[in-house]
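Colleague:
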Amino acid sequence: MMLAQARSIGVGRRTVCSISAKAKLYEVPVSNNGARNRFIIRKKGLEGIIDVVSPQTIGGLKSPEYLALNPQGKMPLLVTEEGWPLPESEVISQYLLDKYAGHGPSLVASTPEGRARANLATRIHDVYIVPVQGCMYRTMDSIEARAKGIEQIAFQLDVLEGIVQGPFVAGSELTAADAALFPTFVFFEFILPTYFGWKDVFAGRPKLKAWWETMMKDPEGAKIYEEVRGGLQGWANNNRWKDQGIVDHVANTAYKWAY
222 MMLAQARSIG VGRRTVCSIS AKAKLYEVPV SNNGARNRFI IRKKGLEGII DVVSPQTIGG
282 LKSPEYLALN PQGKMPLLVT EEGWPLPESE VISQYLLDKY AGHGPSLVAS TPEGRARANL
342 ATRIHDVYIV PVQGCMYRTM DSIEARAKGI EQIAFQLDVL EGIVQGPFVA GSELTAADAA
402 LFPTFVFFEF ILPTYFGWKD VFAGRPKLKA WWETMMKDPE GAKIYEEVRG GLQGWANNNR
462 WKDQGIVDHV ANTAYKWAY
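Heads up: the sequence shown is residues 222 to 480, going by my numbering.
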């Protein structure tokens with residue numbers, strides 16, 4: 222069985238390689254994890270080297286073709302020019318910075334302290350925020366789990382407030398940490414006030430507020446904002462928060478939702 226699966230994966234890789242002379246990033250506009258890779262691709266001027274395409278072009282995340290490339294069935298997924306499938310957004314980001322170091326800005330801080338700060342912020346985001354972000358927009362096993370997730374997000378925002386230096390995460394230099402955090406903050410800025418009653422995501426967090434304003438002025442940042450927010454608005458237009466039981470959960474005042 223394992224041999225058959227390995228052969229299947231090999232076939233999937235050869236198929237993608239044979240139909241594409243360019244690298245491909247599989248993801249969708251609303252994906253905050255995919256958006257961090259899009260930001261880097263655009264900031265480094267790699268649009269002519271890497272195509273950004275939907276997983277639907279090869280049948281979707283659960284299709285045999287996609288699963289042959291990424292058995293996890295998740296996105297984003299980068300398929301290199303050689304046909305090598307590389308999943309996981311931060312792994313993709315670091316690959317892009319390394320592979321295309323000679324293209325555009327480095328997006329790597331110039332000092333050990335700056336690099337450590339950028340890595341720490343990214344780590345906090347990936348380890349403590351991404352695993353619970355679904356509490357904002359998905360069906361949950363219980364109302365308690367959703368409330369704990371929202372509480373965790375508020376806590377981690379305060380942690381990031383203590384890390385961000387300004388005007389960017391690592392100081393004066395734009396880095397991949399900014400690319401990692403910003404799309405998720407588009408989620409926060411849209412969802413938390415609209416559906417969970419937060420008055421201001423940045424209240425009491427002046428460094429994060431200044432960072433957000435800086436990122437909104439960045440041309441690539443502004444484009445990411447439009448794409449991700451547009452996807453979230455599409456969810457809203459389709460009544461996602463009502464259909465997922467979130468509206469009913471938040472109506473229960475026995476739990477704290479706004480921070």
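Beta carbons: idealized from backbone N, C-alpha and C, even for Gly.
Is the beta carbon of Pro326 less than 8 Å from the beta carbon of Met296?
Modeller: For Pro326 and Met296, no; Cβs fall outside 8 Å.
Colleague: How is Gly370 classed by DSSP in three states: helix, strand or coil?
Modeller: It is helical.
Colleague: Need the endpoints of the alpha helix (DSSP H) that Pro297 sits in, please.
Modeller: Per DSSP, Pro297 belongs to no alpha helix (DSSP H) and is neither H nor E.
Colleague: Straight-line CA distance for Asp439 to Asp469?
Modeller: When rounded, the distance between both Cα atoms is 37 Å.
Colleague: I'd like to know if the stretch 325-345 and the stretch 388-396 are in contact, where contact means that at least 3 CB-CB pairs between them fall below 8 Å.
Modeller: In short, these stretches touch, since the Cβ pair count reaches three.
Colleague: In the DSSP assignment, what are the bridge partners of Asp272?
Modeller: Bridge partners of Asp272: Lys245.
Colleague: I need the DSSP call for Gly325, collapsed to helix, strand or coil.
Modeller: DSSP places Gly325 in coil when its eight states are reduced to three.
Colleague: Leu307 by DSSP, collapsed to three states: which one?
Modeller: Strand at Leu307.
Colleague: Near Asn291, what residues of its chain come up, given a Cβ to Cβ distance below 7 Å and the 5 sequence neighbours on each side ignored?
Modeller: So the list reads Leu298, Pro306 and Pro308, once near-sequence residues are dropped.
Colleague: Count the C-beta pairs between the stretch 342-358 and the stretch 400-407 that are closer than 8 Å, then say yes if the count reaches three, no if not.
Modeller: These segments touch.
Colleague: At which residues does the alpha helix (DSSP H) containing Ala400 begin and terminate?
Modeller: Element bounds for Ala400: Ala397 to Phe417.
Colleague: Cβ atoms of Leu341 and Ile371: under 8 Å apart, would you say?
Modeller: Result no, Cβ atoms of Ile371 and Leu341 do not sit closer than 8 Å.
Colleague: Considering only the alpha carbon of each residue, which of Ala401, Glu382, Lys444 and Glu448 lies closest to Arg426?
Modeller: When each option's Cα is compared against that of Arg426, the closest is Glu382.
Colleague: Could you name the residues of the same chain whose beta carbon sits closer than 7 Å to that of Trp433, not counting the 5 residues immediately before and after it, in chain order?
Modeller: Cβ neighbours of Trp433 beyond the five flanking positions: Phe406 and Phe423.
Colleague: Would you tell me roughly how many angstroms separate the C-alpha atoms of Ser331 and Gln465, rounded to the nearest one?
Modeller: Answer to the nearest angstrom: the Cα atoms are 44 Å apart.
Colleague: In angstroms, rounded to a whole number, what distance separates the CA positions of Asp319 and Val471?
Modeller: Cα to Cα, the separation comes out at about 44 Å.
Colleague: Does the distance from the CB of Ala391 to the CB of Ala431 come in under 8 Å?
Modeller: The answer is no: Cβ separation not under 8 Å.
Colleague: Who pairs with Phe508 in a beta bridge, going by DSSP?
Modeller: Given a span of 222 to 480 for the chain in the structure shown, any question on residue 508 remains unanswerable.
Colleague: Who are the near neighbours of Phe260 in its chain, counting only those whose CB is closer than 6 Å to its CB and skipping five residues on each side?
Modeller: Closer than 6 Å at Cβ, skipping near neighbours: Ala400, Glu441 and Ile445.
Colleague: If I'm right that Tyr358 touches Trp456 with Cβ under 8 Å, what's the distance once you round it to whole angstroms?
Modeller: Sure, about 7 Å apart at Cβ, within 8 Å.
Colleague: State the start and end residues of the unbroken alpha helix (DSSP H) segment that holds His470.
Modeller: Its alpha helix (DSSP H) spans residues Ile467 to Val471.
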